[in-house]
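Following our numbering, the numbering of the sequence shown begins with -6 at its first residue and continues without gaps. Cβ atoms here follow ideal geometry from the backbone N, Cα and C, with glycine treated the same way. Below you'll find the structure, written out as structure tokens, and then a few comments.
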Amino acid sequence: MKIESLSCAALLSFSFFIGDLTAFSSLEDEYTPRYCLQLEAAYGKGMMSEGGSEGIEFMFDQIPLNHKVALDIGSGLGGVAFYLAETYSMRITGLEVNPWMIAEAQKQTPAHLSEQVDFLLSTSNSHWPIPDENYDIIYSKGVLTHLENKNELLQECHRLLKKDGIFVITDWLSAETKQWGENISKLIELEHLALFPESKSGYLELLQKNGFTLLSVRDDSLAYLRFNKAICERLQAAMLTRTLSDIFEEKELQASIDGYQSIAKALEMGELKVFRFVVQKDF
């Protein structure tokens, strides 16, 4: 599926609403071009979540990928899609709610991947202009925590998966209380983010309720603790050498370091968990 390339100005003027109006309109405000440039400085070119290529390989460990057709939920600037298309000869559609990210991802698409990767602007949590049973794999890396109500999106993913297709989700989870602890609450306040707590048991219930059978669940918290500590070290070194002075003002860089330290502390204390769920649609 290819979508027509649009200018950034045209995309930025596009008005859209998704699911919970407040939560999703805020995503466009949160993930500004400047903020995403800062995320790339922390995560790597085109990346909007921790771990870089190591994190991608870890997410898909033991999952066959060669020549698969996949949907990337929350594709951001396209880093994960580009990596998978290049490494595993996959065909990937990136679905994104943020118009300027679509424009930027299209601009950054390597010429030799232009027939393998395309991007689609999401204007609702359902009724995407995609045929039924279209994908071998649907995946989402650190995105669904931004959704307060995940049911509609999960039902749409169920529609789009082939009968033997799998859905791979890596996401932030809270403790069983379904409340964020002190450190993630601090991060939300510091970076003005909309993050909605869900427990492991609650996540499993959501997946089952929406027609998925659990194949595996894995606690990735220790790996993400390591990823976030490495980010802190990299940004602290950059502060000393001023190598990111063109991207961050000093106070912005310190705030970013404080944010990743809050994530690392939350992971160390167990108030934040990162889990990978691999599920298959019921049929």
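Asked                                                                                                                                    : Found
Helix or strand or just coil, what does DSSP make of Val161?                                                                             : strand
Near Lys222, what residues of its chain come up, given a Cβ to Cβ distance below 6 Å and the 5 sequence neighbours on each side ignored? : Ala257
Does the beta carbon of Glu108 sit closer than 8 Å to a beta carbon anywhere in chain C?                                                 : The displayed structure is made up of one protein chain only, and chain C is not part of it.
Should Leu137 and Asp111 be called a contact, given that it needs their Cβ atoms to be closer than 8 Å?                                  : no
How about Ala104 and Ile85: do their beta carbons lie closer than 8 Å?                                                                   : no
What's the call for Thr15, buried or exposed, on a 16-neighbour Cβ count within 10 Å?                                                    : Annotation note: pLDDT 40 at Thr15 (below 50); position unreliable, no value reported.
What is the rounded straight-line gap between the Cα of Asp13 and the Cα of Ser209?                                                      : For Asp13, the predicted model reports a pLDDT of 41, less than 50, meaning its position is unreliable; a value from the coordinates is still stated below. Answer to the nearest angstrom: the Cα atoms are 29 Å apart.
Counting C-beta neighbours from all protein chains within 10 Å, is the total for Glu89 16 or more, i.e. buried, or is it exposed?        : buried
Need the endpoints of the beta strand (DSSP E) that Gly87 sits in, please.                                                               : 84 to 89
Would you say the stretch 118 to 129 touches the stretch 234 to 243, given that touching needs at least three Cβ pairs under 8 Å?        : no
Apart from the five residues just before and just after Phe59, which ones in its own chain have a Cβ nearer than 7 Å to its Cβ?          : A small fix is needed here, since residue 59 is Asn in this sequence, not Phe. The residues are Tyr81, Ser82.
Based on the DSSP secondary-structure assignment, which residues constitute the bridge partners of Thr206?                               : Gln273
Taking the CB atoms as reference points, tell me whether Phe270 and Gly44 lie closer together than 8 Å.                                  : no
When burial is assigned at 16 or more other CB atoms within 10 Å of the CB, is Pro124 buried or exposed?                                 : exposed
Exposed or buried, Ala96, counting other C-beta atoms within 10 Å across all chains shown (16 or more means buried)?                     : buried
Would Leu183 be called buried (16 or more neighbouring beta carbons within 10 Å of its own) or exposed?                                  : exposed
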